[in-house]
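Just so you know, the sequences run in chain order A and B.
Mapping of the first sequence onto numbering that gives the first Met the number 0: position 100 corresponds to residue 99, and the numbering continues sequentially without gaps.
Mapping of the second sequence onto numbering that gives the first Met the number 0: position 15 corresponds to residue 14, and the numbering continues sequentially without gaps.
Using N, Cα and C, we set each Cβ at its ideal position, and we do this for glycine too.
Quick caveat: nothing in here was measured; it's all calculated off a predicted structure.
Right, one structure below, let's go through it.
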Amino acid sequence: MAEGHVVGIDLGTTNSLVAYMEGDRPVVIPGVDGSNLLPSVVALDPVSASGGRPTVTVGNSARKALIETPERVIYSVKRLMGRDLEEVRTELKFFPFRLAGDIEVGEVPRIQLGELRFTPPEISAYVLRQLKRNAERFFGAPVAQAVITVPAYFNDAQRQATKDAGRMAGLDVLRLVNEPTAAALAYGLDRANEGTIAVYDLGGGTFDISILKLHDGIFEVQSTNGDTHLGGDDIDNLLLAIALDEILGEHGVDLRAHPGAVQALRKSAIDAKIRLSTELAAQFDSELPNGDRYQREIPRAVFELLIEPVLKRTAAPCKQAMADAGIAPDQIDEVVLVGGSTRIPAVRALVDELFRLSARGKKPHTELNSDEVVALGAAVQAGILAGASKTTDDMLLLDVTPLSLGIEALGGTVARIIQRNSTVPASATEHFTTGVDGQTNVAIHVVQGERELAADCRSLARFDLKGIPPMAAGLPRIEVRFLIDADGILQVSAREQRSGKAAQIEVKPTYGLTDEQVGNMILDSFDHAEEDFSKRLLIEARNEADAILSAVGRAPQNPAWNELSAEEQVAIAVARDRLVLVRQGSDLRAISQAMVALDKATHHFAELMMDRAISSAIRGKTMNEAGKDVDEPLTAPHAMAPAEFK
Amino acid sequence: MLKVVENAVPVACWSCSVAHNESTLFCPDCSKIQPPSSGEYFSVFGLEPRLNLDLVALEQEFHRLSRRLHPDRFTRASENEKQWSLADTALLNDAYRTLKDPLRRTEYLLKLEGAEVGTSDAIPSDTASVKNQGKSSGVPANLLEEVFDLNMQLEEMRRSKTMGQEDPALIESLRKDKAKFEGLVVTVDSDLRTQWVIWDAGDAAVRPTAQRAMVALLDRRRYLSNLVRDVTEILGD
Numbered sequence: 000m001a002e003g004h005v006v007g008i009d010l011g012t013t014n015s016l017v018a019y020m021e022g023d024r025p026v027v028i029p030g031v032d033g034s035n036l037l038p039s040v041v042a043l044d045p046v047s048a049s050g051g052r053p054t055v056t057v058g059n060s061a062r063k064a065l066i067e068t069p070e071r072v073i074y075s076v077k078r079l080m081g082r083d084l085e086e087v088r089t090e091l092k093f094f095p096f097r098l099a100g101d102i103e104v105g106e107v108p109r110i111q112l113g114e115l116r117f118t119p120p121e122i123s124a125y126v127l128r129q130l131k132r133n134a135e136r137f138f139g140a141p142v143a144q145a146v147i148t149v150p151a152y153f154n155d156a157q158r159q160a161t162k163d164a165g166r167m168a169g170l171d172v173l174r175l176v177n178e179p180t181a182a183a184l185a186y187g188l189d190r191a192n193e194g195t196i197a198v199y200d201l202g203g204g205t206f207d208i209s210i211l212k213l214h215d216g217i218f219e220v221q222s223t224n225g226d227t228h229l230g231g232d233d234i235d236n237l238l239l240a241i242a243l244d245e246i247l248g249e250h251g252v253d254l255r256a257h258p259g260a261v262q263a264l265r266k267s268a269i270d271a272k273i274r275l276s277t278e279l280a281a282q283f284d285s286e287l288p289n290g291d292r293y294q295r296e297i298p299r300a301v302f303e304l305l306i307e308p309v310l311k312r313t314a315a316p317c318k319q320a321m322a323d324a325g326i327a328p329d330q331i332d333e334v335v336l337v338g339g340s341t342r343i344p345a346v347r348a349l350v351d352e353l354f355r356l357s358a359r360g361k362k363p364h365t366e367l368n369s370d371e372v373v374a375l376g377a378a379v380q381a382g383i384l385a386g387a388s389k390t391t392d393d394m395l396l397l398d399v400t401p402l403s404l405g406i407e408a409l410g411g412t413v414a415r416i417i418q419r420n421s422t423v424p425a426s427a428t429e430h431f432t433t434g435v436d437g438q439t440n441v442a443i444h445v446v447q448g449e450r451e452l453a454a455d456c457r458s459l460a461r462f463d464l465k466g467i468p469p470m471a472a473g474l475p476r477i478e479v480r481f482l483i484d485a486d487g488i489l490q491v492s493a494r495e496q497r498s499g500k501a502a503q504i505e506v507k508p509t510y511g512l513t514d515e516q517v518g519n520m521i522l523d524s525f526d527h528a529e530e531d532f533s534k535r536l537l538i539e540a541r542n543e544a545d546a547i548l549s550a551v552g553r554a555p556q557n558p559a560w561n562e563l564s565a566e567e568q569v570a571i572a573v574a575r576d577r578l579v580l581v582r583q584g585s586d587l588r589a590i591s592q593a594m595v596a597l598d599k600a601t602h603h604f605a606e607l608m609m610d611r612a613i614s615s616a617i618r619g620k621t622m623n624e625a626g627k628d629v630d631e632p633l634t635a636p637h638a639m640a641p642a643e644f645k
Numbered sequence: 000m001l002k003v004v005e006n007a008v009p010v011a012c013w014s015c016s017v018a019h020n021e022s023t024l025f026c027p028d029c030s031k032i033q034p035p036s037s038g039e040y041f042s043v044f045g046l047e048p049r050l051n052l053d054l055v056a057l058e059q060e061f062h063r064l065s066r067r068l069h070p071d072r073f074t075r076a077s078e079n080e081k082q083w084s085l086a087d088t089a090l091l092n093d094a095y096r097t098l099k100d101p102l103r104r105t106e107y108l109l110k111l112e113g114a115e116v117g118t119s120d121a122i123p124s125d126t127a128s129v130k131n132q133g134k135s136s137g138v139p140a141n142l143l144e145e146v147f148d149l150n151m152q153l154e155e156m157r158r159s160k161t162m163g164q165e166d167p168a169l170i171e172s173l174r175k176d177k178a179k180f181e182g183l184v185v186t187v188d189s190d191l192r193t194q195w196v197i198w199d200a201g202d203a204a205v206r207p208t209a210q211r212a213m214v215a216l217l218d219r220r221r222y223l224s225n226l227v228r229d230v231t232e233i234l235g236d
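Okay, structure coming up:
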């Protein structure tokens, strides 16, 4: 097996990160732009005039395209992972992107992106590949193994889809770790916090609560609960809906017909939300297509009233998790806050009340950067698996399955075989038989969830047990073993006992992508040729340099250029010439450094360009016109603009 | 279905070939992980079947074994060892989950001894699993009258709820009933513990009587907790 670095990856709804253990502490690996956060945004560049397959860009440059060419960009794809057609249809009401037309029920949904179509795991694979490349550039060596985090409340299909994405990106996913548990690992590294801790994780799109017992290096999850449909996105949508309604009511303009303008308005909503965490009021201020201005002040008190129903939805999972763990709020020693949305004062107030913190003279833990803590924890788990660090040597994570596993019994009821909050790996053995003479197939419907009727639970899979030796009805005794592994993924095996020979029964799940499909979706197999690795890094770096240089070369034609000071223009020219020079050579490090320097020099220019793009989009110019203003979208994973939609 | 392996047949270690007792998860000689054993939960912890367990010691042993068996420790191991680690850890977790809970432990031991018991779901919010519904016994004879009264009140409560008006006297009476039945659950638990002591200390002559008593107590307890659950549900407590 290839030894080498095992990285920890936080594959987030909004942003993704990669981290590793540097000696005895976890560290986030920055991208080429120096930023620790890679926006989980994937854009398909238009096919160039010379033809060929369009290229895919990830991160900030893709996010920039969101306003200009929203139909070529996908974000928040995590919300679509492992979901079936119906669920995705519901989900897409909130997104500008569209499903590919001819998808049949039971198939993995595909998203139409420009002229191509992708499954959600493929989109995630592009994000993962970018993180992998960032890590490889950082180490100067290939990275083939990773730990990836998932929301604790992810079901089996969502977990499998995440693992598939890893494989497509050329990563051997050694373990899936639950995000709140990862955060606990990052906080628990110093062993200062022994006892019972609760991790409250409100991210961009998901909410998780986990209760753990920390003792002597063992992190034992007692219970977990959550909502895979609750997060900062919901708050943004509330603000956005109000603005859209008011614009329609007061100015008679329906912005919903302008996807680019909606994205720009969404950005103002997010800005307002972020400001309201520190200020008592925030302004919405947008120019409308008809020349009017939409101006509105949102006082924090109004904002809090507005989001109260969203925040309240986190209370029930917290109470259920405490009940399942058999503990009262007063027995929780520490509370850890994770996820950008926990910066909202109203969220902190709710947490304080739920766990009676200030009443007990306690404060929640926020010492570690809430955007990075999950990735740091993933790196700790990577360290545990690699067995390479003394610090992690005697650490062990014992996690649980978030949802009960059951099989559909007669009359559509659910026979529960593994209870939620069971420590994984967990197993159960059940026996089945046939109902008809000579029957050689038995179908088992496996569901996940807490409801009484199978129809109300998430259908996980219908397993076909094939190759049962023909016997009289009721005579075969088929032993089926259900095992939830340490990743929270179900494995099913079966054998027939009556016929004497331990006949191996083929078990075929009927959901998700097949092994073969995943194999065909593996991104550029070139990634695996390790002998060419340093050559490949150099080629990639040169390609990135070319893309940046070409964009910078066109910069003076952009109206934003004239807004720069003379000094700024000179600084850009100097940084550009430096990159042109080192690009000729084969010093990878020098090329990377020159790219970072040029990126810094063009930072202000990128911001100016961005502002112009947004106001054009708002004014309702056509996509092409707006495109002229901002020039062509940048290729390559380069971030001309800083992370805007934080 | 499961049988305690009294005199386990020695099995040779796959790695060092030294024979060891089947129920160990590691070779005593070379410490290598072994394929899953009989699957009997008490023996996973090196214990004789017992109803009174030292839960602190059980947890310590669970942690000690987890450190050695968990798949996290085998990422660089052979494919076989990975599979055994997964299966052994699943067995360890299943065993710990069953033995640390007094009711599940009692049910498990009774089943080991060949008694017919319905399984109760330890998590109160869960509805009884399908398997039990057919098996659930009728109303315990000495509760007949109270249960009849309670069901009448529950029915009345449901009716008034759909009418949109709630009778405070009825609610008060249901609260009292709930407290009473909760008290009966506590009594059952204490009776169960008495039987534990008898079973643990007893011999082959005494144990069957204790087992029968425990089966009856578990039935009664299941019945009572379902009642308490129904009342709690309708009161919205």
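Residue i: first and last residue of the uninterrupted alpha helix (DSSP H) it sits in
i        : result
A/Gly382 : 372-385
A/Met20  : Premise fails: A/Met20 lies in the beta strand (DSSP E), 14-21, not in any alpha helix (DSSP H).
A/Pro650 : Only positions 0 to 645 of chain A appear in the structure, and residue 650 of chain A is not among them; the question remains open.
B/Leu149 : 143-162
A/Lys311 : 299-311
B/Phe41  : 40-43
B/Tyr107 : 101-111
Any C-beta of chain A under 8 Å from that of residue i
i        : result
B/Ser65  : yes
B/Ala11  : no
B/Asn79  : no
B/Ala200 : no
B/Ala94  : no
DSSP-derived helix/strand/coil call for residue i
i        : result
A/Gly165 : helix
A/Pro69  : helix
B/Asp87  : helix
A/Asp392 : coil
A/Val646 : No statement about residue 646 of chain A is possible, as the shown extent of chain A runs from 0 to 645 and does not include it.
A/Lys212 : strand
A/Leu279 : coil
A/Gln294 : strand
B/Ala127 : At B/Ala127, the pLDDT of 31 sits below 50, so the modelled position is not reliable and the matter cannot be decided from this model.
A/Gln490 : strand
Proximity to residue i [Cα-Cα], best of the options
i        : options                                : result
A/Phe96  : A/Ile122, A/Gly81, A/Glu103, A/Glu106  : A/Ile122
A/Gln592 : A/Val31, A/Gly11, A/Ser15, A/Glu21     : A/Val31
A/Glu193 : A/Thr412, A/Leu16, A/Glu333            : A/Glu333
A/Asn14  : A/Leu170, A/Phe218, A/Asp370           : A/Asp370
A/Asp215 : B/His62, B/Asp53, B/Gly201             : B/His62
B/Ala178 : B/Leu149, B/Arg192, B/Gln164           : B/Leu149
B/Asp176 : B/Ser224, B/Arg49, B/Phe44, B/Glu47    : B/Ser224
A/Arg166 : A/Val126, A/Arg450, A/Thr205, A/Gly202 : A/Val126
A/Leu247 : A/Tyr293, A/Asp232, A/Leu310           : A/Tyr293
A/Val491 : A/Val445, A/Gly511, A/Val581           : A/Val445
CB contact below 8 Å: residue i versus chain B
i        : result
A/Ser285 : no
A/Ile488 : no
A/Val220 : no
A/Leu188 : no
A/Ser426 : yes
Terminal residues of the beta strand (DSSP E) in which residue i lies
i        : result
A/Glu648 : Residue 648 of chain A lies beyond the stretch modelled for chain A, which goes from 0 to 645, so this question has no answer here.
A/Tyr186 : First-last for A/Tyr186: 178-187, but that is the alpha helix (DSSP H), not the beta strand (DSSP E).
A/Leu43  : 40-43
A/Glu429 : 425-431
Q: State whether the stretch 109-117 of chain B contacts the stretch 206-221 of chain B, with contact taken as three or more CB pairs (one from each stretch) at a distance under 8 Å.
A: With the cut-off at 8 Å, the stretch 109-117 of chain B and the stretch 206-221 of chain B touch.
Q) Using 8 Å as the threshold, is the stretch 143-158 of chain A in touch with the stretch 372-383 of chain A, meaning 3 or more CB pairs across them? A) Yes, the stretch 143-158 of chain A touches the stretch 372-383 of chain A.
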